[in-house]
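Below you'll find the structure, written out as structure tokens, and then a few comments.
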Amino acid sequence: MVNFSLEGKVALVTGASYGIGFAIASAFAQAGAKIAFNDIRQELVDKGLASYKEKGIDVRGYVCDVTKEDQVQELVAKVEKDLGPVNILVNNAGIIKRIPMTEMKAEEFRQVIDVDLNAPFIVSKAVIPSMIKNGGGKIINICSMMSELGRETVSAYAAAKGGLKMLTRNIASEYGQYNIQCNGIGPGYIATPQTAPLRERQSDGSRHPFDSFIVAKTPAARWGTVEDLQGPAVFLASSASDFVNGHVLYVDGGILAYIGKQPQ
Ligand code: NAP
Ligand code: GCO
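Numbering (this note's numbering), first residue to last: 57 to 320.
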């Protein structure tokens with residue numbers, strides 16, 4: 057019997073007050089996991105706690121900036137004390153800065169790399185020792201279309217997400233022997249606050265050009281929803297994927313497979 061259950065597991069999802077992280081943590085709870093999440097500010101954690109409660113999901117929320125190693129080590133220790141050792145980690149917290157590369161300050165580039173690449177390294181490094189001690193674990197890194205493709209104004213984000221794909225493969229390579237599976241999820245274009253600027257209605261009420269572009273580039277002819285990511289995340293967090301390692305599962309409606317619609 058294929059087992060998608062997460063009963064008895066402790067899952068830590070970073071940056072999960074809302075958006076993709078919130079949806080993944082909610083799905084893990086439905087599959088039986090005990091949930092811990094963090095966000096960077098108390099008011100965000102409080103907002104998240106209220107949202108989980110509204111869905112009848114019991115979670116622990118913690119304030120932690122995932123780019124700060126001391127805060128991350130404290131977070132992991134608190135989760136272990138409150139719920140038990142982390143069995144499933146989702147490195148979800150992320151930022152994007154859409155700035156033409158030649159206009160981007162080096163500090164802005166560093167900030168994106170820090171959250172989107174350095175932080176998954178820091179948090180993974182914090183949980184791997186206990187995963188080894190406990191006979192294994194699951195690490196899921198939230199990658200992106202930009203792990204494979206570039207586009208104007210997202211140089212830092214693409215560099216980070218491309219690096220995150222290779223960090224995923226390297227964790228799989230280095231720790232697979234301890235029954236740790238590290239995989240990525242590469243969401244397509246998903247309707248969340250992060251992509252809201254790309255979907256804003258124009259002053260004349262027409263759709264944002266990028267919105268129309270993405271719908272035309274997607275065989276599914278729609279933006280993804282956070283719910284589209286829940287099944288793939290539960291699969292990669294469960295024992296059903298114990299022989300899947302170092303893989304990035306693209307949940308993109310087919311964008312990466314499609315050259316694009318011929319202009320009419
Ligand atoms: P989002 O709506 O911007 O949520 C990101 C979350 O991460 C927010 O709660 C954010 O808090 C938190 N965060 C940012 N920096 C942090 C830090 N240093 N420490 C702790 N938490 C931090 O993004 P999303 O759309 O849900 O995306 C989640 C992940 O999926 C990101 O890694 C993103 O790159 C990736 N992704 C998104 C899409 C998409 O189309 N939406 C597609 C592919 C991949 P604040 O509110 O303070 O920023
Ligand atoms: C952008 C978008 C994308 C999505 C996502 C696609 O500006 O191109 O924000 O980067 O967030 O990463 O997979």
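Each residue gets a CB set at the ideal place from its N, CA and C atoms; glycine is no exception.
Starting from residue i, follow the beta strand (DSSP E) in both directions and report where the run begins and ends.
i: Asn94; result: Lys90 to Asp95
i: Ile144; result: Ile144 to Asn147
i: Gln237; result: Ile236 to Pro243
i: Thr158; result: Unbroken run through Thr158: none, as it is neither H nor E.
i: Lys194; result: Gly193 to Ile198
Is it the case that the Cβ atoms of residue i and residue j are separated by a distance below 8 Å?
i: Val300; j: Ala87; result: no
i: Ala81; j: Val115; result: yes
i: Ile275; j: Gly310; result: For the sequence presented, residue 275 should be read as Pro rather than Ile. Yes.
i: Thr123; j: Asp170; result: yes
i: Val119; j: Val146; result: no
i: Gln286; j: Ala89; result: no
i: Ile196; j: Asn239; result: yes
i: Asn94; j: Leu131; result: yes
i: Trp279; j: Ile246; result: yes
i: Ile198; j: Pro243; result: yes
i: Asp298; j: Gln237; result: yes
i: Ser229; j: Ser61; result: no
i: Gly75; j: Val282; result: yes
At a Cβ threshold of 8 Å, is residue i touching chain D?
i: Ile80; result: Reference to chain D is not applicable here, since this structure consists of a single protein chain.
Give the range of the alpha helix (DSSP H) segment to which residue i is assigned.
i: Lys153; result: Careful: Lys153 lies outside any alpha helix (DSSP H) and carries neither H nor E.
i: Ile270; result: Pro265 to Lys273
i: Gln286; result: Gln286 to Ala293
i: Lys181; result: Ala175 to Lys189
i: Leu100; result: Gln98 to Glu110
In three-state DSSP terms, what is residue i?
i: Gln318; result: coil
i: Leu62; result: coil
i: Arg225; result: helix
i: Thr70; result: strand
i: Gly218; result: helix
i: Leu305; result: strand
i: Arg166; result: helix
i: Val122; result: coil
i: Ile80; result: helix
i: Ile246; result: strand
i: Gly140; result: coil
i: Gly310; result: coil
i: Gly280; result: strand
i: Val115; result: strand
i: Leu205; result: coil
Would you check if the region 246-253 and the region 203-221 touch, i.e. whether three or more CB-CB distances between them fall below 8 Å?
no
Would you say the region 262-278 touches the region 60-68, given that touching needs at least three Cβ pairs under 8 Å?
no
Validate contact between the region 204-212 and the region 150-161 using beta carbons, cut 8 Å, 3 pairs:
yes
Check whether the region 172-179 touches the region 101-111, taking contact to mean three or more Cβ pairs, one atom from each stretch, closer than 8 Å.
no
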